[in-house]
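Here is the structure we will look at.
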Amino acid sequence: MSDKLEKISDCIKTGNSDDIAKLTQEAVDEGVSISDIMQKGLFAGMDVVGERFKRNDMFIPEVLRSAKAMHASMDVLRPLMTESDTSSTLGTVVMATVQGDLHDIGKNLVGMMLEGAGFNVIDMGIDRTTEDIVAEVKKSKASLLGLSALLTTTMPKMEEVIEALKAEGLRDQVKVMIGGAPVTEDFKNEIGADIYAPNASIASELTVKAVKG
Ligand code: B1M
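0 is the number of the first residue of the sequence shown in numbering that gives the first Met the number 0; add one for each residue after it.
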């Protein structure tokens with residue numbers, strides 16, 4: 000493994016936003032793939048943060064610093080992942096983290112990958128109510144809705160959104176993709192969503208397949 004990846008991972012663990020952008024750029028310049036930077040640098044570091052957080056070895060302010068470092072690295076990677084020709088847009092995707100949930104790193108990554116694949120992405124951000132999400136789907140005439148949840152307590156909001164889409168007569172017009180660490184294929188089937196993606200690259204692969212048929 001490139002020593003840059005280890006250093007990038009360390010920056011996530013220690014919440015070092017100052018050095019991570021430079022290290023990310025250096026890794027890109029050395030020819031390290033974006034996928035390796037994300038998997039072996041960013042996600043590897045965040046896995047350790049998650050474990051420490053769970054054991055109460057790390058607390059919210061420190062985790063927020065790690066999240067900030069993650070965003071600083073993603074700012075360097077974003078333009079490299081979204082260099083697609085906008086004239087070949089595959090349609091509009093609305094993305095949101097469901098109500099009660101403040102986690103956005105995974106959702107942002109999925110959004111970046113979808114933009115890179117040629118979708119027009121409307122990112123509604125975090126903690127979005129079911130009513131707001133349904134209103135945005137209606138207004139934008141989106142063909143795909145992406146919902147993210149990182150907490151077991153907010154997962155039921157995904158089902159609430161699907162039920163609200165049905166009540167508004169919009170369910171047939173929009174495919175619903177769900178994801179986030181606690182979300183599973185079984186849960187997708189249980190709530191009647193269309194796509195479950197365990198990570199951002201599979202999310203991109205499955206959405207392109209879904210719209211191209
Ligand atoms: Co939170 N948190 N957190 N947290 N946090 C988790 C999720 C947790 C597993 C930590 C733990 O205990 N080990 C735990 C949840 C337990 C559970 O419910 N099962 C937890 C908890 C408990 C909490 C709080 C309740 C803590 C507290 O207050 N006591 C609190 C809740 C706040 C709230 O949301 N209301 C809280 C707060 C926070 C911070 C704000 C401090 C911060 C979020 C900052 C931010 O996002 N801007 C935070 C963080 C950073 C984490 C961990 C450490 C990392 C999450 C992350 O960004 N991972 C997390 C532990 C963990 O997951 N290991 C944890 C990196 C990211 C790239 O992965 O988000 O999984 P992920 O996304 C992946 C896939 O899941 C998938 O693709 C992504 C890329 O490959 N994916 C999709 C995600 N969304 C998708 C959507 C799709 C498709 C795929 O289609 C639409």
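Even for Gly, the Cβ is constructed at its ideal location relative to N, Cα and C.
Only a predicted model underlies this, so the values are computations on that prediction, with no experimental measurement involved.
Which one of the options has the shortest CA to CA distance from residue i?
i, options, result
"L205", "N188, V120, A116, K137", "A116"
"L150", "G44, G179, T183, Y195", "G179"
"N15", "F58, M45, I33, S65", "S65"
"I125", "E114, I104, K138, A141", "I104"
"D193", "R170, P181, A199, R51", "R170"
"A134", "G168, F118, A148, M112", "G168"
"M45", "Q172, M123, H102", "H102"
"T13", "V27, M37, R51, Q24", "R51"
"A71", "T88, D122, I11", "I11"
"K156", "G49, A166, I132, K138", "I132"
"I7", "D28, E29, I36, E159", "I36"
Quick one: using the 10 Å Cβ neighbour count with 16 as the cut-off for buried, is residue i buried or exposed?
i, result
"D100", "buried"
"D84", "Residue placement at D84 cannot be trusted, given a pLDDT of 49 that sits under 50; what the coordinates show is reported in the next sentence. Flag for D84 reads exposed."
"N107", "buried"
"S34", "exposed"
"T183", "exposed"
"L63", "exposed"
"E114", "buried"
"R127", "buried"
Name the DSSP bridge partner or partners of residue i?
i, result
"R64", "Looking at the DSSP assignment, R64 forms no beta bridge with any residue, so it has no partner."
"R127", "V97"
"S147", "T96, G178"
"N119", "T91"
"I7", "DSSP lists no partner for I7."
List the whole-angstrom C-beta distance separating residue i from residue j, where the pair is believed to meet the contact cut-off of C-beta under 8 Å.
i, j, result
"K174", "L143", "5 Å"
Does the ligand ATP have a heavy atom nearer than 7 Å to the CB of residue i?
i, result
"A202", "The ligand ATP is not part of the structure shown, which contains the ligand B1M as its ligands."
Against chain B, with Cβ distances strictly below 8 Å, would residue i count as a contact?
i, result
"P155", "This model lacks chain B altogether; it includes just one protein chain."
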